[in-house]
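Numbering (my numbering), first residue to last: 1 to 174.
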């Protein structure tokens, strides 16, 4: 098998369609190993409440894909739609939350700005009093948002690659 690789591990493998050799075999070289790069340490939040129509559409489709990901990858990625709050601590942040909510609504995304009392109902452990160092003035509430075990997603893709005969060569610099 000839030597080939991609520069950013599993993430780039998906983007570039993998490295396929003349004999039909494929492989990927990953300098850190499965789950060792950005994919294994990035946020576990899954949401579609972004600011541009293009971003909203892209992330909303991505959010929908998580519904069947566990079945598709044959691995529990622990996806759970629990809702998402983006807190606003300044007037300018609150204005941005209103702007984002408006963009989201125009794109058919369930998002709204809620006041501190509603934040308290959604997340009882938060201090919404006005005498704190950074008082919560409101929040962008996104009920479809959720969480996922990002490392489980990476391992699920790795297992899927193996199922299709793709060899992942770990701890190999490209």
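No residue lacks a Cβ here, since even glycine has one placed at the ideal position from N, Cα and C.
Looking at the structure shown, is residue i part of a helix, part of a strand, or coil, going by DSSP?
i           : result
residue 146 : strand
residue 170 : strand
residue 163 : helix
residue 5   : With a pLDDT of only 39 at residue 5, under 50, the local geometry of the prediction cannot be trusted, and no value is derived from it.
Should residue i and residue j be called a contact, given that it needs their Cβ atoms to be closer than 8 angstroms?
i           : j           : result
residue 89  : residue 137 : yes
residue 45  : residue 145 : yes
residue 49  : residue 109 : yes
residue 154 : residue 33  : no
residue 163 : residue 83  : no
residue 78  : residue 149 : yes
residue 161 : residue 76  : no
residue 113 : residue 123 : no
residue 143 : residue 107 : no
residue 103 : residue 116 : no
Round the Cβ separation of residue i and residue j to the nearest angstrom and send it over; I've been treating them as touching at under 8 angstroms.
i           : j           : result
residue 139 : residue 86  : 6 angstroms
residue 169 : residue 158 : 12 angstroms between Cβ atoms; not a contact.
residue 111 : residue 105 : 7 angstroms
residue 63  : residue 47  : 7 angstroms
Mind checking whether the beta-carbon of residue i lies closer than 7 angstroms to any heavy atom of the ligand SAM?
i          : result
residue 87 : Here there are no bound small molecules, and the ligand SAM is not part of this structure.
Quiz prompt | beta strand (DSSP E) segments (min. 3 residues) lying fully within the stretch 26–98 | solution = 26–30, 84–88
Quiz item: Counting only runs that start and end within the stretch 104–161, where is the alpha helix (DSSP H) found for 4 or more residues in a row?
Solution: 116–122
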